[in-house]
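Worksheet for the structure shown next.
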Amino acid sequence: MKASAIIVAAGSGSRLGRSEPKAFVELAGRTMLSWSLATIAQVAAIEEVVIAVPAGREAAARRAASTLSIPVKVTAGGAERQDSVQLALALTSAQSELVVIHDAARPLASAQIFEACLVAAHRAGGAIAAIPVADSLKRVDAGRAISATVPRSDLWQAQTPQAFRRALIIAAHDRAMRDHVAVTDDADLAERIGTRVEVVECTTPNLKITTEADLELATALLERQNRS
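The sequence shown begins at 8 in this note's numbering and counts up one residue at a time.
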């Protein structure tokens with residue numbers, strides 16, 4: 008089972024209020040990108056990494072990946088996340104049976120969740136890290152009045168990593184480009200071409216860093232993890 012990993016690290020991180028792009032913000036002594044690279048290095052099935060970064064940050068990404076023992080390719084990202092993934096997909100090796108896509112903004116993802124997603128995608132076609140929805144969900148109208156309560160028993164919150172058979176996810180992105188479909192989730196595109204995509208429950212913290220509060224929480228979790 009050979010896999011390529013794509014790290015999506017091209018976001019601006021404007022909501023963090025930092026001058027540097029989000030993936031290059033440090034927490035617990037490393038950048039978000041470096042944390043993801045360190046995790047990927049532990050996954051035996053991953054034989055190459057493609058990193059999509061903001062234009063002008065390519066050299067910094069190569070430096071961050073310089074200690075990896077597998078090939079690393081770096082590309083400038085596109086205007087949207089979907090564009091960045093498609094650019095990175097074009098650089099993945101044709102020898103890879105699987106591709107696993109991960110947002111650098113989730114630096115706590117474990118090697119175990121990468122491995123579990125790859126195994127499930129090898130079997131089913133696609134698999135994503137996810138957690139069951141725990142909170143009550145409300146549908147509201149334009150005036151923010153509750154119009155309905157949404158049953159949550161079969162709802163899951165999608166995360167990354169997301170893994171797919173390489174041919175399927177390339178076909179999914181190609182179809183989306185032809186049909187002018189824009190999404191924020193690669194699994195959505197895979198579903199649209201009929202791919203079976205399974206959820207793999209993520210049982211360890213895997214929050215997405217969007218705000219300063221998220222950054223503080225992730226830093227505390229990583230520091231505690233390093234002490235244990």
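Ideal placement from N, C-alpha and C gives every residue a C-beta, glycine not left out.
Supposed close pair residue i, residue j - CB separation, criterion 8 Å
i: R25; j: V32; result: 5 Å
i: F171; j: G201; result: Not really, about 13 Å apart at Cβ, beyond 8 Å.
i: A189; j: V204; result: Not quite, the Cβ-Cβ distance comes to about 19 Å (not below 8 Å), so this is no contact.
Inter-residue spacing [alpha-carbon to alpha-carbon] between residue i and residue j
i: A72; j: I120; result: 21 Å
i: T74; j: L125; result: 23 Å
i: V60; j: V106; result: 18 Å
i: K145; j: D161; result: 15 Å
i: A67; j: S154; result: 49 Å
i: R22; j: D186; result: 31 Å
i: T217; j: G20; result: 7 Å
i: A136; j: D148; result: 31 Å
Three-state class that DSSP yields for residue i in the structure shown
i: A227; result: helix
i: E122; result: helix
i: A51; result: coil
i: H180; result: helix
i: A170; result: strand
i: K215; result: coil
i: A101; result: coil
i: L115; result: coil
i: E198; result: helix
i: H109; result: strand
i: A16; result: coil
C-beta atoms of residue i and residue j nearer than 8 Å
i: L115; j: P212; result: yes
i: L214; j: A35; result: no
i: L175; j: A183; result: no
i: V56; j: L40; result: no
Cβ of residue i within 8 Å of any chain D Cβ
i: V56; result: The chain labelled as chain D is not found in the depicted structure, where only one protein chain is given.
Would you list, in sequence order, the uninterrupted beta strand (DSSP E) runs of no fewer than 3 residues that lie entirely inside the stretch 38–96? Considered as a whole, the stretch 38–96 harbours 53–60 and 79–83 as its complete beta strand (DSSP E) runs of no fewer than 3 residues, in chain order.
Secondary structure, beta strand (DSSP E): runs of 3+ residues fully inside the stretch 131–173: If only uninterrupted beta strand (DSSP E) runs of at least 3 residues are considered, those enclosed by the stretch 131–173 are 132–139, 144–147, 153–157 and 163–172.
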